[in-house]
Amino acid sequence: MDFKDYYSALGVERTASEDEVRKAYRKLARKYHPDVSKEADAETRMRELNEAYDVLRDKEKRAAYDQLADRVARGGSPQGDFQPPPGWDEGFEFNHRPGGQGPADHAEFSEFFSSIFGNAQRRGAERQNFRARGEDHHAAIEITVEDALKGAEREITLRAMEVDEQGHMQWKPRTLEVKIPAGVHPGQYIRLAGQGMPGHGGEPPGDLYLEVRIAPHKLYRVEERDLYMTLPVTPTEAALGAKVQVPTPTGGVVEVTVPRNARNGLKLRLKGRGLAGKPPGDLYLLIDIVLPPADSDAARKAYEALAQASSAFSPRSHLGV
Numbered sequence: 045m046d047f048k049d050y051y052s053a054l055g056v057e058r059t060a061s062e063d064e065v066r067k068a069y070r071k072l073a074r075k076y077h078p079d080v081s082k083e084a085d086a087e088t089r090m091r092e093l094n095e096a097y098d099v100l101r102d103k104e105k106r107a108a109y110d111q112l113a114d115r116v117a118r119g120g121s122p123q124g125d126f127q128p129p130p131g132w133d134e135g136f137e138f139n140h141r142p143g144g145q146g147p148a149d150h151a152e153f154s155e156f157f158s159s160i161f162g163n164a165q166r167r168g169a170e171r172q173n174f175r176a177r178g179e180d181h182h183a184a185i186e187i188t189v190e191d192a193l194k195g196a197e198r199e200i201t202l203r204a205m206e207v208d209e210q211g212h213m214q215w216k217p218r219t220l221e222v223k224i225p226a227g228v229h230p231g232q233y234i235r236l237a238g239q240g241m242p243g244h245g246g247e248p249p250g251d252l253y254l255e256v257r258i259a260p261h262k263l264y265r266v267e268e269r270d271l272y273m274t275l276p277v278t279p280t281e282a283a284l285g286a287k288v289q290v291p292t293p294t295g296g297v298v299e300v301t302v303p304r305n306a307r308n309g310l311k312l313r314l315k316g317r318g319l320a321g322k323p324p325g326d327l328y329l330l331i332d333i334v335l336p337p338a339d340s341d342a343a344r345k346a347y348e349a350l351a352q353a354s355s356a357f358s359p360r361s362h363l364g365v
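So in my numbering, the last spot in the sequence shown is 365, and the numbers never skip.
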């Protein structure tokens, strides 16, 4: 997937004003609109123009897109290999205003657009009058494995576009206290009731939904409520079996039995040692056989003795050579 340069699509500089963006779009739309254009690629170009204009005319989307473009420029993503960097949209709240476009209107937009703004579109029907419940907002929160295991309280700062007393749109930061329940897992949403957009006509405000993301951990990988950890063992421990000490996610140490003739990738299950829940998740230990270096006479002699004792064993017999 390619990174889309929306400014180039409209032929404007990044510093272009809203008026300049609008004029550039109208000029190009007159040239490429399929109803009047004789250009061979008019339909494709018109879709590209609509997509670029949808982003650059919207203050929220444009600010988020500019931040993403800066991160991509620093990272140097190769052409055709773009993926949104993890956490690129943290600190932003996207909402959908009356009179804007909904998900159906974006059906012909690119995969790039969907990958960065697809989850930011309004969920539900557009409001038809001034008496309506406030819109829900969505944002992301990154927590640690320890937060997910034990629960935590976090203070987060978000930015949202609001209308001031003069009717002007502007960014407003706000700080919220968030209670993270034990057992929360990636992709789950934490709902903060009443923290979305204000309601109209006396209706209640919307809610804020925080999508949970779990930061990489030096030991554990999270899948739903299960935890995975690589367990290094020596060749002798794997071949002869052994009892080894393993740290547990909640603290402390547990003794684990490595069975005889254990192979790389063998999965050992510690029931109920994952994230809390009903039922709780498990902790899986993935066997990783680590070879001692042959960096001494004693080690080399031991490897030579092993080679002689296992001379009939061929790990490549299935190759037919």
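Glycine included, every Cβ here is placed at the ideal spot set by N, Cα and C.
With 16 other Cβ atoms within 10 Å as the buried cut-off, status of residue i
i    : result
R317 : buried
D339 : exposed
A282 : buried
E267 : exposed
P337 : exposed
H181 : buried
G325 : buried
A108 : buried
L252 : buried
F161 : buried
Q239 : buried
V334 : exposed
L319 : buried
A96  : buried
K315 : exposed
K82  : exposed
A353 : exposed
F357 : exposed
Minimum C-alpha distance to residue i - residue among the options
i    : options                : result
I187 : G240, P260, D270, L220 : P260
V99  : K75, G250, Y69         : Y69
K216 : L350, D341, K103, S358 : K103
E221 : L202, P128, R89, Q352  : L202
L327 : A86, L236, M273, A96   : M273
A117 : G227, F47, M241        : F47
A226 : Q239, T278, F126, P293 : P293
K71  : D85, A84, V56          : V56
F157 : A183, A184, I185, Q127 : Q127
A113 : R58, K322, I224        : R58
I185 : R218, E299, S159, G231 : G231
D49  : R106, R265, G285       : R106
R101 : R74, D63, R115         : D63
T301 : L310, G285, A84, G295  : G285
T379 : A237, I234, I200       : Nothing can be reported for residue 379: it is not among the residues displayed for the chain, which extend from 45 to 365.
N305 : P323, R344, T280       : T280
D110 : L363, Y51, K345        : Y51
G295 : P323, L263, P303       : L263
8 Å contact criterion, which residue i and residue j should meet: CB distance rounded
i    : j    : result
G250 : G178 : 4 Å
A60  : E92  : The Cβ separation is near 17 Å, so there is no contact.
L329 : L312 : 4 Å
R89  : Y76  : 4 Å
V288 : V277 : 7 Å
I331 : R360 : Their Cβ separation, rounded to whole angstroms, is 21 Å, which puts I331 and R360 out of contact at 8 Å.
V290 : L271 : So it is not a contact: roughly 12 Å between Cβ atoms.
A183 : G243 : 19 Å between Cβ atoms; not a contact.
R269 : H229 : 5 Å
E155 : M45  : 5 Å
A196 : I234 : Rounded, the Cβ-Cβ distance is 11 Å, inconsistent with contact.
CB contact check: residue i to chain B, cutoff 8 Å
i    : result
V266 : Here there is only one protein chain, and chain B is not present.
Any non-hydrogen atom of the ligand MN within 7 Å of residue i CB
i   : result
A73 : Absence of the ligand MN is noted for the structure shown, with no ligands found whatsoever.
Below 8 Å, can you find three or more Cβ-Cβ pairs linking the stretch 181 to 198 to the stretch 251 to 258?
-> Because the criterion of three Cβ pairs below 8 Å is met, the stretch 181 to 198 and the stretch 251 to 258 touch.
Contained alpha helix (DSSP H) runs [length at least 4] in the stretch 265 to 314, N- to C-terminal order | Considered as a whole, the stretch 265 to 314 harbours 279 to 284 as its complete alpha helix (DSSP H) runs of no fewer than 4 residues, in chain order.
Ignoring anything shorter than 4 residues or poking outside the stretch 212 to 249, list the alpha helix (DSSP H) runs there in chain order.
-> none
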